[in-house]
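In terms of the numbering used here, the sequence shown opens at residue 2 and continues consecutively.
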Amino acid sequence: MAAARPWPKRFREPEPMGQFTDLLQTCKTWMDRVLMVNVFVVMAGALWFVVAVGFHSQGLE
Numbered sequence: 002m003a004a005a006r007p008w009p010k011r012f013r014e015p016e017p018m019g020q021f022t023d024l025l026q027t028c029k030t031w032m033d034r035v036l037m038v039n040v041f042v043v044m045a046g047a048l049w050f051v052v053a054v055g056f057h058s059q060g061l062e
């Protein structure tokens with residue numbers, strides 16, 4: 002029976018890089034949070050614009 006060959010390198014678990022990886026993950030997490038807040042701010046601004054256009058068309062300022 003032949004010996005089992007190891008998995009190719011691309012399928013192995015990545016080697017931990019220590020604090021750099023932790024810092025990178027923290028930055029990614031905060032960037033995700035900032036972008037999600039940005040999405041809600043843009044949606045609120047769009048709603049504000051629609052309401053303002055509606056009031057303007059009714060003659061309300």
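Ideal placement from N, C-alpha and C gives every residue a C-beta, glycine not left out.
message: In whole angstroms, give me the CA-to-CA distance for H57 and V42.
response: Counted from its first residue, the sequence shown places residue 57 at position 56. Counted from its first residue, the sequence shown places residue 42 at position 41. It is roughly 22 Å from the alpha-carbon of H57 to the alpha-carbon of V42.
field: DSSP state of R34 mapped onto helix, strand, coil
entry: Residue numbering aside, residue 34 sits at position 33 when the sequence shown is read from its first letter. In this structure, R34 counts as helix in the three-state DSSP scheme.
field: Alpha-carbon to alpha-carbon, A53 and E62
entry: Here residue 62 corresponds to residue number 61 of the sequence shown, with the count starting at 1. Here residue 53 corresponds to residue number 52 of the sequence shown, with the count starting at 1. Cα to Cα, E62 sits roughly 8 Å from A53.
- request: Measure the alpha-carbon distance for D23 versus N39 and round it to whole angstroms.
  value: By one-based count along the sequence shown, residue 23 stands at place 22. By one-based count along the sequence shown, residue 39 stands at place 38. Distance between the alpha carbons of D23 and N39 is about 24 Å.
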